[in-house]
């Protein structure tokens, strides 16, 4: 259209012939209306010129001109115009939610099948097929349906979202429509989420779509979730008719997974000592073959030698604990690990191995033995300390007037009177000796030696002073029971001889193993538990009431009345005796006290076992106990301070106690008001193999370190009897609550401690301690799939279950929710244009000129 015509019609944005532009009237008339207007205009014009004088042809022409004028006026009154409707089309959304949690790495999915065009696509999958990861199944399903995704993206808005604990974008959204561009499948990344929340992810996906039309939501997941969609979410899906199409991944049948939840040994141990490694194995999943036996091995990674091996048979509902033991003939820090061997391919192989760090010390165990008189038990222990080469002991008989008789390897000119002198001993044995033979300061020093230096304390009950005379003394807190009324010893006695039987806890601690090799799974000689043996009967023993034991006390051995009838259930079946029976009661109990451990033995007649097997049983009985007590002292020997975290394995949002114990007196004398540490998170180790003890692991750069200030422990405040605060403050503590799972460690950053040796092996130069924070609803703790929940969700929303191989059928299942929205149209009026005025004036002029020519009025 030329410019002259555009000017004549006063057109600015629209024009004839333009796409979408239409001609119409603002006040349109029907067809018969225009016919009536034309007829009336013609009649009126003809009547007006009928009776006038003049040539007939000219009067007809003038009537035609008047008819056109009248028609033009009606045309302009109708409001001719150009109009372009502004109707928009909004595509409906298809939201695809892809599970990106760590459970997608579990290998329980059927193997990837060939494409439909490849022969053999119909090959059935058997139970013996090699399983692949759920992530591989998901990727294969998406790749197979690539043409489907491209077709959907042309006609709909295709949105890709990943989800674990919440929904997130897998690719940036375009600025105009928030749709994914280009329509090809997005990069998925590695699945690493530690929990899955389908309900929360659905809510976030719906909020992201806002008020846009949604034709369907496609969920590719194994179905395992910590929550379900809320009622409000389900009502909205139902009200807006949004179907959910679930694509279940993984095996529909649960597959068993065995995992090493914890593998822990003592921080330090003696060379040629029984070293117990306690392993906790967890069975996950509910497969029918989960009762098949598995093996647990302790392996020396340097030589590949299997140091110990145990076979386990899991019951259908619980985890299991097993204690592996070994001996080492060389000092240092061996490279050991625990490995779990399963009878069939395991679901998660990465959790079937764990590193074990133990520092082996080659030096004699240092023991101090104090007794009140030369009883048989005292004579035997004295000789044991002298003849055992791995022990350097001092034995003293303390008499009234604080006179003593010394025997042993090391000469003691007087009782220790300072913390430094007590620190020379790894373990202390207190027999039937009266507390008055020690000063209050000495008793307090013994208590501190156990609590802060990790020393061990053994009580051996007697007829005279132990334990009754120790009421009200500083060492009363170290008795593992509450003293009640009774005879002068403080505990009632058995009326008949008893035999001793260990509990399973003793085996886990590596003590009371009197046989060179286990027989029928037991290290305890059957003749010691059989009353008919005779020589094994303990004639004098104290009876420990289980109700009087302190809460943290553990029972290592039970005494049984020899006159009580035997039954199929033995005391070995439980850690503590049944309170309702009079036939059994604890006789050897253990209690942690600060950094050390306390044992109480309620008899002084272990020497009687010499009548049956010579020195063998009694010697192993005491040596194993003393070495167990000495481990904590050895782990702290030579250190100036120790940093510890309790518990060492905690849940998210569980308070963790971080404490520093000052061991060296020079540090205590500095009297610091507080100490500073830093919490850092370690980078995840490679899943290919367990990390062995060595240098400190690398840090996770994504975690911002947390600084903590440790204040003096209230329990360690100077006592009222110490107004000059000569002891100072030894222990500093603070609480920390982790909000994310992972492996953390606490490192001392206070200038007073930055150059001290570490509390962990092979990490000299940093005073540090590790802690593991775990999720109670961790993805990998529930590895089985939950396909029924996906089916219920699809059914509740009017959707359906789609096989991963049938995603090509998705477009036929999706409803069309496309919307057409009418906007304000663009209008250009034609009745008020120069052309309309020109035509009207032209017709009027023609009629006026014609009338003048024939001389009409």
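Numbering (the numbering used here), first residue to last: 20 to 876. For every residue, glycine included, the Cβ atom is placed at its ideal position computed from N, Cα and C.
For residue i, the nearest candidate out of the options (CA to CA)
{"i": "residue 447", "options": "476, 295 and 232", "result": "476"}
{"i": "residue 286", "options": "549, 375 and 567", "result": "375"}
{"i": "residue 803", "options": "539, 58, 162 and 124", "result": "124"}
{"i": "residue 54", "options": "93, 78, 398 and 801", "result": "93"}
{"i": "residue 384", "options": "610, 645 and 660", "result": "645"}
{"i": "residue 483", "options": "623, 518, 669 and 627", "result": "623"}
{"i": "residue 810", "options": "174, 510 and 242", "result": "242"}
{"i": "residue 1", "options": "76, 81 and 97", "result": "Lying before the first or after the last residue shown, residue 1 is absent from the chain, which here runs from 20 to 876."}
{"i": "residue 602", "options": "584, 801, 22 and 101", "result": "584"}
{"i": "residue 280", "options": "457, 347, 357 and 353", "result": "357"}
{"i": "residue 563", "options": "671, 621 and 380", "result": "621"}
{"i": "residue 368", "options": "381, 302 and 395", "result": "302"}
{"i": "residue 631", "options": "643, 557 and 608", "result": "557"}
{"i": "residue 835", "options": "112, 88 and 24", "result": "112"}
{"i": "residue 516", "options": "604, 206 and 573", "result": "604"}
{"i": "residue 254", "options": "240, 225, 691 and 231", "result": "225"}
Alpha-carbon spacing of residue i relative to residue j, whole angstroms
{"i": "residue 109", "j": "residue 213", "result": "37 Å"}
{"i": "residue 65", "j": "residue 844", "result": "42 Å"}
{"i": "residue 156", "j": "residue 150", "result": "10 Å"}
{"i": "residue 826", "j": "residue 164", "result": "6 Å"}
{"i": "residue 328", "j": "residue 345", "result": "10 Å"}
{"i": "residue 330", "j": "residue 540", "result": "10 Å"}
{"i": "residue 686", "j": "residue 339", "result": "43 Å"}
{"i": "residue 79", "j": "residue 863", "result": "15 Å"}
{"i": "residue 617", "j": "residue 387", "result": "14 Å"}
{"i": "residue 277", "j": "residue 360", "result": "9 Å"}
{"i": "residue 873", "j": "residue 86", "result": "19 Å"}
{"i": "residue 813", "j": "residue 238", "result": "10 Å"}
{"i": "residue 118", "j": "residue 723", "result": "28 Å"}
{"i": "residue 555", "j": "residue 638", "result": "15 Å"}
{"i": "residue 215", "j": "residue 489", "result": "57 Å"}
{"i": "residue 348", "j": "residue 523", "result": "27 Å"}
{"i": "residue 770", "j": "residue 676", "result": "21 Å"}
{"i": "residue 752", "j": "residue 611", "result": "18 Å"}
{"i": "residue 717", "j": "residue 788", "result": "14 Å"}
{"i": "residue 816", "j": "residue 832", "result": "13 Å"}
{"i": "residue 354", "j": "residue 458", "result": "46 Å"}
{"i": "residue 847", "j": "residue 44", "result": "11 Å"}
{"i": "residue 480", "j": "residue 619", "result": "7 Å"}
{"i": "residue 161", "j": "residue 266", "result": "11 Å"}
{"i": "residue 513", "j": "residue 403", "result": "28 Å"}
{"i": "residue 472", "j": "residue 180", "result": "55 Å"}
DSSP-derived helix/strand/coil call for residue i
{"i": "residue 99", "result": "strand"}
{"i": "residue 387", "result": "strand"}
{"i": "residue 40", "result": "coil"}
{"i": "residue 368", "result": "helix"}
{"i": "residue 778", "result": "Confidence in residue 778 is poor, its pLDDT being 46 and thus under 50, which makes the residue's placement unreliable; the coordinate value appears in the next sentence. If DSSP states are grouped into helix, strand and coil, residue 778 belongs with coil."}
{"i": "residue 401", "result": "helix"}
{"i": "residue 77", "result": "helix"}
{"i": "residue 731", "result": "strand"}
{"i": "residue 245", "result": "coil"}
{"i": "residue 821", "result": "coil"}
{"i": "residue 811", "result": "helix"}
{"i": "residue 861", "result": "helix"}
{"i": "residue 407", "result": "coil"}
{"i": "residue 790", "result": "strand"}
{"i": "residue 111", "result": "coil"}
{"i": "residue 460", "result": "helix"}
{"i": "residue 680", "result": "strand"}
{"i": "residue 86", "result": "helix"}
Contact test: residue i Cβ vs the ligand SAH heavy atom, cutoff 7 Å
{"i": "residue 34", "result": "You won't find the ligand SAH in this model; it holds no ligand whatsoever."}
Quick test of the definition: if touching needs 3 or more C-beta pairs under 8 Å, does the stretch 490 to 501 touch the stretch 457 to 466?
In this structure the stretch 490 to 501 lies against the stretch 457 to 466, because at least three pairs of beta carbons, one per stretch, are closer than 8 Å.
Does the stretch 241 to 260 come close enough to the stretch 820 to 827 that 3 or more CB-CB pairs lie under 8 Å?
Touching, no.
Would the stretch 59 to 74 count as touching the stretch 28 to 39 if we require 3 or more Cβ pairs under 8 Å?
Short answer: they don't touch.
Sequence ranges, beta strand (DSSP E) only - wholly within the stretch 270 to 321, length at least 3:
Scanning the stretch 270 to 321 from its first residue to its last, the whole beta strand (DSSP E) runs of 3-plus residues come out as 276 to 283, 287 to 289, 294 to 303 and 313 to 319.
Three CB pairs or more closer than 8 Å across the stretch 691 to 700 and the stretch 716 to 736
Yes, the stretch 691 to 700 touches the stretch 716 to 736.
Quick check on the DSSP output: what are the complete beta strand (DSSP E) runs of length 3 or more inside the stretch 463 to 535, in order along the chain?
Secondary structure remark: continuous beta strand (DSSP E) runs of at least 3 residues inside the stretch 463 to 535, in chain order: 475 to 479 and 517 to 521.
With three or more beta-carbon pairs closer than 8 Å as the criterion, would you say the stretch 283 to 303 touches the stretch 850 to 863?
The way I'd put it, the stretch 283 to 303 doesn't touch the stretch 850 to 863; fewer than three beta-carbon pairs between them come closer than 8 Å.
Would you call the stretch 438 to 453 and the stretch 389 to 401 touching, i.e. three or more CB-CB distances under 8 Å?
By the Cβ test, the stretch 438 to 453 is in contact with the stretch 389 to 401, since at least three Cβ pairs between them sit closer than 8 Å.
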